[in-house]
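Whatever position you read off the sequence shown (first residue = 1), add 181 for my numbering.
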Amino acid sequence: MYIKKILFVVSILIAIGLAIFSYYIYNSIFSANTDFKESTHAVYIPTGAGFSTVSDSLKPYLKDLESFQIVAQKKGYATNVRPGRYIIRKGMNNNELVNALRSGNQPVSVVFNNQERLENLAGRIAGQIEADSLSLLKAFQDEEFLKKASFDRESALGMYVPNKYELYWNTSAEEFRDRMQKEYNRFWNQERLQKAEKIGLKPSEVITLASIVQKETAKVEERPRVAGVYMNRINRGMKLDADPTVIYSIKRQQQDFDTVIKRVLYKDLEIDSPYNTYKYAGVPPGPIFMPDISSIDAVLNYEKHDFIYFVADVENFGYHKFAKTHAQHIRNKQQYVNWVNKNGIRR
């Protein structure tokens, strides 16, 4: 009788212990374990990171880090960490947290435009994905890749078509570059290629000319007309005589791309640079800027007219006055020169 009582008490204690243990396990797995006010929070796990890095990243956002670590160990995640950008939601339990980190790598929207050089582009992209600017620039300038892709260092910037792209945060520099090449080839579809061939320009030349057009005017609706001026000059065997190419030549010569040049001087027109279209005929060896798609399409669909010249319109800022004859252009130009002098713009 005494032994039966002991066994009964032991069985009760075991049952209580199991109940407590089950309750602890249930809570550690299925109870909410987040500790932040926002509805969601992004967690970034670097390439090559171990479980300790994950724990450190999650610690500020969890009520109980230890319970999360236990569940992660049990589910095998602690030895199978995957890099990427993961979204955790308010109220998630440890089981949901581990599942999110295991298979919920979320893409980021990568956006870029208005970049003047590959160095600028590398810095812009480095702020949006894991790859740093140095590795990106190295990938952009890789000679073997450029040769296979039919680019060189002068024209390479033209391969990057400004837009919004969905990419994983842990995309490597080479993966980003290769993706941009695919997007470039997709952009240059049969229709655009046919238009480029019709106007007698290669895609790379279209992009370079588009970069000049965009530097000339910020008004999207005016770009086809400006492009038409340059195409008229090309078709007549004239030099482009584009001030933005002179400004780029100055910056390139001085290796100072942060300098602001508001006025091109006559002496600047003599700078010996393949980008100086006052000195050398044809389209420069590469873009002087990253043109928008609107500028590229403005060249491909340039306005047909007889204008050969244009100058800033001081009576309608942002736009230009166009001329068919040199005499008319001189009159328009004098208005601009008078305004520049009046406002004391020397450089």
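The beta-carbon is built from N, C-alpha and C at its ideal position, and this holds for glycine as well.
Report the residue from Pro241, Arg270, Thr234 whose alpha carbon sits nearest the alpha carbon of Ala213. Comparing Cα positions, the closest option is Arg270.
Which ranges would you report for the alpha helix (DSSP H) in the segment 405 to 475 if only whole runs of at least 4 residues count? Listed in chain order, they are 424 to 435.
Within the same chain, show all residues whose beta-carbon is closer than 6 angstroms to that of Tyr204, passing over the 5 residues directly before and after it, in chain order. Unreliable placement is indicated for Tyr204, whose pLDDT of 43 sits below 50; the coordinate value is still reported in the next sentence. Cβ within range, chain order: n/a, list empty.
Going by the DSSP bridge assignment, what does Phe491 pair with across the sheet? Phe503.
Find out if the Cβ-Cβ distance for the pair Ala337, Ser476 is shorter than 7 angstroms. For the 7 angstroms CB-CB criterion, Ala337 and Ser476 do not form a contact.
Could you give the DSSP three-state label for Thr398: helix, strand or coil? Looking at Thr398 - three-state DSSP - the assignment turns out to be coil, as it is neither helix nor strand.
Suppose only complete runs of 3+ residues qualify. What are the beta strand (DSSP E) ranges in the segment 245 to 281, listed by chain order? As far as the segment 245 to 281 is concerned, its whole beta strand (DSSP E) runs of at least 3 residues are 265 to 270.
Have a look at Lys485 and Met361 and give me their C-alpha separation to the nearest angstrom. Take the alpha-carbon of Lys485 and the one of Met361: they are about 32 angstroms apart.
Would you list the one or two residues that DSSP bridges to Ser290? According to DSSP, which records beta bridges pairwise, Ser290 is partnered with Glu347.
Taking 8 angstroms as the cut-off, does the segment 505 to 512 touch the segment 422 to 433 (at least 3 CB pairs, one atom from each stretch)? In this structure the segment 422 to 433 does not lie against the segment 505 to 512, because fewer than three pairs of beta carbons, one per stretch, are closer than 8 angstroms.
8 angstroms contact criterion, which Ala320 and Glu297 should meet: CB distance rounded: Beta-carbon to beta-carbon, Ala320 and Glu297 are separated by about 19 angstroms, too far to satisfy the 8 angstroms threshold.
For Ile393, does the three-state DSSP call read helix, strand or coil? DSSP places Ile393 in the helix class (H, G or I) of the three-state scheme.
Alpha helix (DSSP H) runs wholly inside the segment 311 to 382, at least 4 long, in chain order: Runs of the alpha helix (DSSP H) inside the segment 311 to 382: 314 to 321, 324 to 329, 354 to 368, 371 to 379.
Am I right that Val130 and Val252 are in contact with their C-beta atoms under 8 angstroms? What's the rounded C-beta distance? Only positions 182 to 528 of the chain appear in this structure, which leaves residue 130 out of reach.
Is the beta carbon of Leu481 sitting closer than 7 angstroms to the one on Lys376? Less than 7 angstroms divides the Cβ of Leu481 from the Cβ of Lys376.
Can you tell me the Cβ-Cβ gap for Gln287 and Ile310, rounded? I've got them flagged as a contact below 8 angstroms. No, Gln287 and Ile310 are not in contact; Cβ-Cβ is about 13 angstroms, not under 8 angstroms.
On the DSSP letters alone, give me the boundaries of the alpha helix (DSSP H) that Ala307 sits inside. 299 to 307 is the extent of the alpha helix (DSSP H) around Ala307.
Would you give the residue range spanned by the alpha helix (DSSP H) that Thr234 belongs to? Note, Thr234: alpha helix (DSSP H), 232 to 239.
Span of the beta strand (DSSP E) around Tyr225: Boundaries of the beta strand (DSSP E) harbouring Tyr225: 221 to 226, taken from the DSSP string.
Going by Cα to Cα distance, which pick from Glu335, Lys218, Val401 is closest to Gly499? Closest by C-alpha distance to Gly499, out of Glu335, Lys218, Val401, is Val401.
Cβ neighbours of Asn524 in the same chain (closer than 6 angstroms, five flanking residues each side left out): Taken in chain order, the list of residues that qualify is empty.
Pull the bridge partners of Ala213 from the DSSP assignment, please. Ala213 is bridged by DSSP to Asn274.
Three-state secondary structure (DSSP) at Val521? DSSP, reduced to helix, strand and coil, places Val521 within a helical segment of the structure shown.
List the DSSP bridge partners of Leu243. Paired residue(s): Thr215.
Evaluate the contact criterion for the segment 228 to 237 versus the segment 248 to 264: three or more CB pairs, one atom per stretch, below 8 angstroms. Short answer: they touch.
Beta carbon of Tyr461, beta carbon of Met412: below 7 angstroms? Not closer than 7 angstroms, so no.
Under three-state DSSP, which class holds Arg527? In this structure, Arg527 counts as coil in the three-state DSSP scheme.
Note down the Cα distance separating Tyr517 from Asp449, rounded to an integer number of angstroms. C-alpha of Tyr517 to C-alpha of Asp449: approximately 18 angstroms in a straight line.
For a test of the three-state rule: what should DSSP assign to Glu386, helix, strand or coil? Secondary structure of Glu386 (DSSP, three-state): helix.
Which of the three DSSP states is assigned to His510 in this structure? Here His510 sits in helix by DSSP.
Does the Cβ of Lys505 have 16 or more other Cβ atoms within 10 Å, making it buried, or fewer, making it exposed? Per the 10 Å Cβ criterion, exposed.
Under the rule that 16 or more other beta-carbon atoms within 10 Å means buried, what is Thr426, buried or exposed? Buried: at least 16 other Cβ atoms inside 10 Å.
Using 7 angstroms as the threshold, is the C-beta distance between Tyr346 and Val291 below it? Yes, these two residues count as a Cβ contact at 7 angstroms.
Is it buried or exposed, His501, if we count other Cβ atoms within 10 angstroms and call 16 or more buried? His501 should be labelled buried.
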